[in-house]
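The structure appears right after this line, and notes come after that.
2 protein chains.
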Amino acid sequence: MKQAPLDPKVIQRCGNALRTLAHPERLRIVELLESGPKTVGEIVAYLRRPQATISQHLMRLRVFGFVHTKRDGRSIYYAIGHAGCRTILNCIRTHFAPK
Amino acid sequence: MKQAPLDPKVIQRCGNALRTLAHPERLRIVELLESGPKTVGEIVAYLRRPQATISQHLMRLRVFGFVHTKRDGRSIYYAIGHAGCRTILNCIRTHFAPK
DNA sequence: TTCATATATTCAATAATTTGAATATATAAG
DNA sequence: CTTATATATTCAAATTATTGAATATATGAA
Chain A
3 MKQAPLDPKV
13 IQRCGNALRT
23 LAHPERLRIV
33 ELLESGPKTV
43 GEIVAYLRRP
53 QATISQHLMR
63 LRVFGFVHTK
73 RDGRSIYYAI
83 GHAGCRTILN
93 CIRTHFAPK
Chain B
3 MKQAPLDPKV
13 IQRCGNALRT
23 LAHPERLRIV
33 ELLESGPKTV
43 GEIVAYLRRP
53 QATISQHLMR
63 LRVFGFVHTK
73 RDGRSIYYAI
83 GHAGCRTILN
93 CIRTHFAPK
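Those protein sequence lines, which keep their order, are chains A and B.
The first sequence begins at 3 in the working numbering and counts up one residue at a time.
The second sequence begins at 3 in the working numbering and counts up one residue at a time.
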């Protein structure tokens with residue numbers, strides 16, 4: 003089947019999507035979230051990075067829509083909120099990870 | 003099946019892959035190359051951008067390995083050189099383009 | 001209310017990317 | 001050789017992303 007070229011708006015959005023996931027720490031975050039929702043504290047402990055840094059990465063992921071949040075008391079749970087997220091992860095596992 | 007976390011080297015490489023494709027003009031280039039090899043001149047004409055700009059995008063794609071080149075006389079043909087390229091394109095078409 | 005915990009925001013410094021202009025190189029034709 | 005064409009490289013300016021430190025906010029407990 004022949005594909006029509008994506009229109010500029012869509013190309014722009016796809017670029018944003020890829021850029022949002024392109025950072026190693028954000029990749030590790032979404033990879034972690036594949037196994038289920040996690041609090042910010044859990045993510046910080048897992049990545050061993052300053053809380054502010056993680057918070058900023060989470061914000062970017064959330065602004066794009068790759069993750070969503072749910073507060074539970076003092077904690078905020080982050081979870082994958084866009085199927086494209088898992089698909090891209092699988093794609094890079096397939097193509098860029100050693101077998 | 004349970005996935006082991008990708009190791010840091012691989013994560014780094016995946017980040018590079020995504021960043022390399024994340025630019026709208028580079029996305030349009032690989033999208034164009036899906037239909038077969040094209041000369042730099044053809045790519046420039048298609049995108050209507052300065053030749054030097056296109057050349058720099060092509061260089062980035064080539065350095066990562068997403069495309070490879072073949073000279074024919076004065077022209078240089080660029081072609082997709084990594085399957086991940088098509089897979090990611092299909093992935094973003096599926097998830098970020100309107101149906 | 002006050003205190004402690006969890007998370008978010010702001011800000012400034014640094015680093016990386018993008019851009020266009022100018023120039024360079026390589027090839028083919030004459 | 002010289003010229004024209006196709007592509008690549010260099011460079012500096014502008015923009016955008018990343019980082020860490022400091023501070024702010026929100027919630028729950030006492």
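Every residue, glycine too, gets a C-beta built ideally from N, C-alpha and C.
Where the beta strand (DSSP E) through residue i begins and ends
i, result
"residue 77/B", "77–82"
"residue 73/A", "69–74"
Length of the line joining the Cα atoms of residue i and residue j
i, j, result
"residue 13/B", "residue 76/A", "31 Å"
"residue 10/A", "residue 29/B", "10 Å"
"residue 85/B", "residue 58/B", "22 Å"
"residue 23/A", "residue 62/B", "18 Å"
"residue 69/A", "residue 73/B", "45 Å"
"residue 31/B", "residue 19/B", "15 Å"
"residue 21/A", "residue 41/A", "24 Å"
"residue 67/A", "residue 48/A", "22 Å"
"residue 98/A", "residue 90/A", "11 Å"
"residue 15/B", "residue 44/A", "25 Å"
"residue 71/A", "residue 46/B", "43 Å"
"residue 7/A", "residue 34/B", "8 Å"
"residue 36/B", "residue 78/A", "43 Å"
"residue 65/B", "residue 92/A", "23 Å"
"residue 54/B", "residue 60/B", "10 Å"
"residue 101/B", "residue 17/B", "28 Å"
"residue 96/A", "residue 50/B", "34 Å"
Boundaries (first-last residue) of the alpha helix (DSSP H) holding residue i
i, result
"residue 53/A", "53–66"
"residue 85/B", "85–98"
"residue 14/A", "10–23"
"residue 43/A", "42–49"
"residue 39/B", "Residue 39/B -> no alpha helix (DSSP H), and no H or E assigned at all."
Beta carbon proximity, residue i to chain B, threshold 7 Å
i, result
"residue 52/A", "no"
"residue 12/A", "yes"
"residue 94/A", "yes"
Any chain A beta carbon closer than 7 Å to residue i
i, result
"residue 17/B", "yes"
"residue 66/B", "no"
"residue 58/B", "no"
"residue 99/B", "yes"
"residue 26/B", "yes"
"residue 49/B", "no"
"residue 62/B", "no"
"residue 31/B", "no"
"residue 35/B", "no"
Integer Cβ distance of residue i from residue j, believed to fall under 8 Å
i, j, result
"residue 82/A", "residue 88/A", "6 Å"
"residue 26/B", "residue 80/B", "18 Å between Cβ atoms; not a contact."
Near the ligand HEM: residue i beta-carbon under 6 Å from a heavy atom
i, result
"residue 33/A", "The model on display carries no ligand, and the ligand HEM is accordingly not part of it."
Subject >> Under 7 Å (Cβ pairs) to chain B, residues found in the segment 65–89 of chain A >> reply: Cβ contacts with chain B: 85, 86, 89.
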